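Sequence lines, in order, name chains Z and P.
Residue numbers for the first sequence follow the working numbering, beginning at 1 and rising by one.
Residue numbers for the second sequence follow the working numbering, beginning at 1 and rising by one.
There are 2 protein chains.
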Amino acid sequence: MTQPPQNAPLQNDTFLRALRREPVPHTPVWLMRQAGRYLPEYRATRAKAGSFLAMAKNPELACEVTLQPLDRYPLDAAILFSDILTVPDAMGLGLYFAEGEGPKFERTVRTDADVAKLAVPDMETELRYVMDAVRVIRRELADRVPLIGFSGSPWTLACYMVEGGGSDDFARIKAMAVEAPQRLHAILRVVTDAVIAYLDAQHLAGAQALQVFDTWGGVLSPHLYREFSLRYLVEIAQRLPRGEGESTAPLILFGKGNGPYLEELAASGAEALGVDWTVSLGEARRRTGGRVALQGNLDPTTLYASPSAIRAEAVRALDDYAVANGGSRDGHVFNLGHGLSPGMDPAHVGALIEAVHAHSRR
Amino acid sequence: MTQPPQNAPLQNDTFLRALRREPVPHTPVWLMRQAGRYLPEYRATRAKAGSFLAMAKNPELACEVTLQPLDRYPLDAAILFSDILTVPDAMGLGLYFAEGEGPKFERTVRTDADVAKLAVPDMETELRYVMDAVRVIRRELADRVPLIGFSGSPWTLACYMVEGGGSDDFARIKAMAVEAPQRLHAILRVVTDAVIAYLDAQHLAGAQALQVFDTWGGVLSPHLYREFSLRYLVEIAQRLPRGEGESTAPLILFGKGNGPYLEELAASGAEALGVDWTVSLGEARRRTGGRVALQGNLDPTTLYASPSAIRAEAVRALDDYAVANGGSRDGHVFNLGHGLSPGMDPAHVGALIEAVHAHSRR
Numbered sequence: 001m002t003q004p005p006q007n008a009p010l011q012n013d014t015f016l017r018a019l020r021r022e023p024v025p026h027t028p029v030w031l032m033r034q035a036g037r038y039l040p041e042y043r044a045t046r047a048k049a050g051s052f053l054a055m056a057k058n059p060e061l062a063c064e065v066t067l068q069p070l071d072r073y074p075l076d077a078a079i080l081f082s083d084i085l086t087v088p089d090a091m092g093l094g095l096y097f098a099e100g101e102g103p104k105f106e107r108t109v110r111t112d113a114d115v116a117k118l119a120v121p122d123m124e125t126e127l128r129y130v131m132d133a134v135r136v137i138r139r140e141l142a143d144r145v146p147l148i149g150f151s152g153s154p155w156t157l158a159c160y161m162v163e164g165g166g167s168d169d170f171a172r173i174k175a176m177a178v179e180a181p182q183r184l185h186a187i188l189r190v191v192t193d194a195v196i197a198y199l200d201a202q203h204l205a206g207a208q209a210l211q212v213f214d215t216w217g218g219v220l221s222p223h224l225y226r227e228f229s230l231r232y233l234v235e236i237a238q239r240l241p242r243g244e245g246e247s248t249a250p251l252i253l254f255g256k257g258n259g260p261y262l263e264e265l266a267a268s269g270a271e272a273l274g275v276d277w278t279v280s281l282g283e284a285r286r287r288t289g290g291r292v293a294l295q296g297n298l299d300p301t302t303l304y305a306s307p308s309a310i311r312a313e314a315v316r317a318l319d320d321y322a323v324a325n326g327g328s329r330d331g332h333v334f335n336l337g338h339g340l341s342p343g344m345d346p347a348h349v350g351a352l353i354e355a356v357h358a359h360s361r362r
Numbered sequence: 001m002t003q004p005p006q007n008a009p010l011q012n013d014t015f016l017r018a019l020r021r022e023p024v025p026h027t028p029v030w031l032m033r034q035a036g037r038y039l040p041e042y043r044a045t046r047a048k049a050g051s052f053l054a055m056a057k058n059p060e061l062a063c064e065v066t067l068q069p070l071d072r073y074p075l076d077a078a079i080l081f082s083d084i085l086t087v088p089d090a091m092g093l094g095l096y097f098a099e100g101e102g103p104k105f106e107r108t109v110r111t112d113a114d115v116a117k118l119a120v121p122d123m124e125t126e127l128r129y130v131m132d133a134v135r136v137i138r139r140e141l142a143d144r145v146p147l148i149g150f151s152g153s154p155w156t157l158a159c160y161m162v163e164g165g166g167s168d169d170f171a172r173i174k175a176m177a178v179e180a181p182q183r184l185h186a187i188l189r190v191v192t193d194a195v196i197a198y199l200d201a202q203h204l205a206g207a208q209a210l211q212v213f214d215t216w217g218g219v220l221s222p223h224l225y226r227e228f229s230l231r232y233l234v235e236i237a238q239r240l241p242r243g244e245g246e247s248t249a250p251l252i253l254f255g256k257g258n259g260p261y262l263e264e265l266a267a268s269g270a271e272a273l274g275v276d277w278t279v280s281l282g283e284a285r286r287r288t289g290g291r292v293a294l295q296g297n298l299d300p301t302t303l304y305a306s307p308s309a310i311r312a313e314a315v316r317a318l319d320d321y322a323v324a325n326g327g328s329r330d331g332h333v334f335n336l337g338h339g340l341s342p343g344m345d346p347a348h349v350g351a352l353i354e355a356v357h358a359h360s361r362r
């Protein structure tokens with residue numbers, strides 16, 4: 001397949017219009033990790049699947065959990081249920097989840113010999129389960145709202161590949177960055193090729209927007225961020241085909257701690273930037289000058305507060321953007337600054353979504 | 001005592017000169033958590049004391065570990081060995097350390113009734129062990145280098161007081177910030193009074209510079225940082241007496257994640273700002289315009305790399321500052337962007353200190 005499926009008109013294209021900075025009837029909203037453990041129906045599907053990975057690797061179950069938050073809330077976009085580590089898993093590193101811990105790899109990438117073994121996986125064989133999930137979700141979603149595909153950023157994937165899992169301090173990859181930068185670049189080059197092929201394949205399978213999660217770029221000093229994270233984000237923005245006309249899939253670069261680099265990210269060629277809650281949307285808008293759409297950025301922890309406090313903070317974020325955007329809400333996709341957490345109350349999530357729509361409706 | 005002890009001339013006053021932005025023979029260096037578990041002699045003293053708190057509350061043992069890194073390395077300043085949570089402990093919250101976990105409090109501060117019980121502790125009774133440690137250290141240090149006293153920032157102390165210990169997401173205090181801001185301000189007001197009294201008492205006991213650690217300010221959204229963290233840092237900078245003439249103690253405001261707020265912090269009245277590694281020293285220097293000295297900011301994880309990589313990164317940080325400072329190294333205190341960790345190699349720490357002195361020597 002070399003062309004994405006023909007798009008029927010979307011019942012709700014607010015999200016895509018906002019990413020194109022076109023006028024919208026309300027500010028669209030979706031939430032990172034909107035399909036997740038805070039929902040009892042998600043926990044039921046996960047119990048049925050037996051494990052997180054079994055669920056993520058089964059297209060029907062991945063579709064089921066992708067649609068759950070859409071059935072509960074008037075969200076303006078769906079996001080593929082998957083894991084950011086599918087690509088290194090398909091490179092042969094052996095992804096697994098130890099009980100009560102984060103993701104881990106059976107094999108790490110630390111030596112030149114480890115690096116030499118890395119190759120871009122075939123998207124329609126080794127990662128077919130992801131593309132099948134995209135196809136099943138598109139069919140079941142039936143053009144209610146657009147579907148977002150995604151990938152981890154090269155730097156973020158490399159963090160897990162070198163460390164062998166999550167890390168408090170990223171000691172191994174940071175040491176590699178200053179001791180053996182060429183080895184780290186060799187890893188990042190093949191991972192970047194894989195990420196581009198992966199996002200392109202998701203687009204061709206039916207994803208209507210694409211997001212890159214640079215979860216760990218913000219742990220770096222500026223000169224190392226620019227060399228090992230930003231450089232490969234720019235490469236993705238430059239090289240990734242997004243299609244033409246109706247089937248164009250906008251690219252969103254999300255990064256935790258990317259606040260200092262918004263000007264550089266806005267010049268990358270990406271259509272939108274996702275920002276965390278440590279930068280104000282007003283400042284982000286002023287610094288990016290309207291060259292990109294902005295997505296974010298309520299502190300997810302706000303969802304532990306009362307619905308009235310959640311509403312007040314959502315209104316503040318919406319208006320902060322609009323004031324800096326000359327009084328217009330165009331070009332803003334509301335989201336959290338990071339993902340939802342298991343202990344959050346689904347009623348509070350509902351209150352947030354309703355507040356965003358109510359306050360931003362024309 | 002209402003006057004600090006008369007200062008004999010320091011054998012090495014480079015650190016104080018740098019904080020006053022006066023010419024220095026080399027860039028002074030000290031390292032956050034320089035007295036710590038990475039040193040075998042520290043582990044021996046801690047074993048003798050029986051626990052971290054027993055060591056911190058014994059002025060002779062606190063002095064012993066304070067001086068250990070000075071005996072091993074040519075550091076340009078000593079820092080009081082203590083804990084940032086001594087003040088809330090003295091307010092009656094019951095500080096303890098659960099094995100293998102971080103600090104915890106027996107009692108939390110969450111209700112108005114909890115807040116009503118808070119009072120500024122008496123510095124020469126409830127916190128006498130800290131002031132005695134300062135006096136013993138000054139005597140034993142014998143004016144080799146200056147002694148830094150310190151406190152946690154009001155926001156950072158409140159984080160532990162409300163949460164009852166460390167936290168991944170600071171859910172309780174962040175909910176309080178948006179649901180019951182007046183209650184949080186009531187906590188912060190009494191804690192700010194206590195911090196000012198605590199730093200003043202350390203100065204009068206002999207501390208020659210004072211640092212505030214705002215470890216958790218960077219977890220907040222900008223509007224909440226300004227309301228709950230920055231506001232009280234400014235109050236400290238404005239109200240804290242630092243003495244006059246020879247006995248003036250400069251104030252350093254260190255904050256993890258304070259990069260977005262350097263202009264505002266530079267206008268606070270503090271003599272110096274400590275910054276973490278996510279902002280470059282060159283940018284920090286340009287944005288603060290020479291109004292304050294700057295302290296920092298090597299990524300501590302760099303110490304896991306080879307000595308030659310450590311040297312290269314130290315040189316980069318030194319020169320980044322100097323280039324932005326018109327070619328002069330004045331006004332820079334070299335430090336890490338955060339503290340040393342137990343797994344770091346003392347030989348690598350030595351290589352770093354030597355590299356800073358060698359590269360910056362006139």
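We treat Cβ as the ideally placed atom computed from N, Cα and C, and that holds for glycine.
In this text, all values refer to a predicted model and were calculated from it rather than measured experimentally.
Between ASP169(Z) and chain P, is the shortest Cβ-Cβ distance under 7 Å, so that the two count as touching? yes
Coil, strand or helix - PHE170(Z) by DSSP: coil
If we define contact as Cβ-Cβ less than 7 Å, is TRP277(P) a contact residue for chain Z? yes
Classification of GLU101(P) by the beta-carbon crowding that lies within 10 angstroms, buried from 16 upward: exposed
Check TYR129(P) in the structure and name its three-state DSSP category. helix
Take HIS359(Z) and list the residues in its own chain whose beta-carbon comes closer than 6 Å to its own, dropping the five residues that flank it on each side. VAL315 and LEU318
Kindly identify the DSSP beta-bridge partner or partners of LEU147(P). ALA78(P)
Would you mind giving the Cβ-Cβ distance between ARG135(Z) and ALA205(Z), rounded to the nearest angstrom? I have them listed as a contact below 8 Å. 5 Å
Taking DSSP as the reference, what is the three-state secondary structure of ALA56(Z)? helix
Just the C-alpha distance for ALA150(P) and TYR232(Z), rounded to the nearest angstrom, thanks. Reading off the sequence shown, one finds Phe at residue 150(P), where the question assumed Ala. C-alpha separation (whole angstroms): 41 Å.
For the alpha helix (DSSP H) containing VAL195(P), list its first residue and its last residue. 181-205
Output yes or no for whether 7 Å exceeds the beta carbon distance between GLN295(Z) and ILE236(Z). no
At 9 Å on the CB atoms, spell out the chain Z contacts of ALA322(P), in chain order. Chain Z residues near ALA322(P): none, gap ~15 Å exceeds 9 Å.
Output needed for GLY164(P): all residues of its chain with C-beta closer than 7 Å, excluding positions within five of it in sequence on either side, in chain order. LYS104, PHE105 and THR108
My guess is that PHE170(P) and TRP216(P) are in contact by the Cβ rule of under 8 Å, so how many angstroms apart are they, rounded? 7 Å
Determine whether the Cβ of MET1(P) lies closer than 7 Å to any Cβ atom of chain Z. Per-residue confidence for MET1(P) stands at a pLDDT of 47, beneath the threshold of 50, marking its modelled position as unreliable; the derived number appears in the next sentence. Closer than 7 Å: no.
Opening and closing residue of the alpha helix (DSSP H) in which VAL356(P) lies: 346-360
Report the CB separation of LEU230(P) from TYR261(P) in whole angstroms; it is logged as a contact under 8 Å. 6 Å
Taking 7 Å as the CB-CB limit, is VAL178(P) close to chain Z? yes
HIS332(P), enclosing beta strand (DSSP E) - first and last residue: 332-336
Endpoints, alpha helix (DSSP H) assigned at ILE236(P): 231-239
Quick one: residues in its chain with C-beta nearer than 6 Å to the C-beta of ALA284(P), no 5 flanking neighbours on either side, listed in chain order? LEU262, VAL275 and LEU294
If we count Cβ pairs, one from each stretch, closer than 8 Å, do we get three or more for the stretch 81-89 of chain Z versus the stretch 62-72 of chain Z? yes
Can you find a C-beta in chain Z that's less than 7 Å from the C-beta of SER280(P)? yes
Between the stretch 254-266 of chain P and chain Z, which residues of the former have CB atoms less than 7 Å from a CB of the latter, in chain order? GLY257, GLY259 and PRO260
Coarse secondary structure for ALA309(Z), derived from DSSP in three states: helix
Exposure label - ALA133(P); buried when at least 16 CB within 10 Å: buried
For ALA177(P), does the three-state DSSP call read helix, strand or coil? helix
Residues of its chain near PRO342(P), where Cβ-Cβ distance is below 8 Å and the 5 sequence neighbours each way are ignored: GLY36, ARG37 and TYR38
Give every residue of the same chain whose Cβ lies closer than 8 Å to the Cβ of LEU210(Z), excluding the five residues on either side of it in the sequence, and list them in chain order. ILE148, GLY149, PHE150, SER151, LEU199, GLN202, HIS203, LEU240, ARG242, ALA249, PRO250, LEU251 and ILE252
Pairing CB atoms from the stretch 345-356 of chain Z with CB atoms from the stretch 23-32 of chain P, are three or more of them under 8 Å? no
Determine the burial state of LYS48(Z): buried for a count of at least 16 other Cβ atoms within 10 Å of its Cβ, exposed for fewer. exposed
Kindly indicate if chain P contains any beta-carbon less than 7 Å away from that of GLU313(Z). yes
Answer yes or no: do ARG311(P) and ALA355(P) have a C-beta to C-beta separation smaller than 7 Å? yes
Please check if any C-beta of chain Z sits within less than 7 Å of the C-beta of ASP345(P). no
Using a cut-off of 7 Å between C-beta atoms, extract the partners of ASP299(P) located in chain Z. LYS174 and SER221
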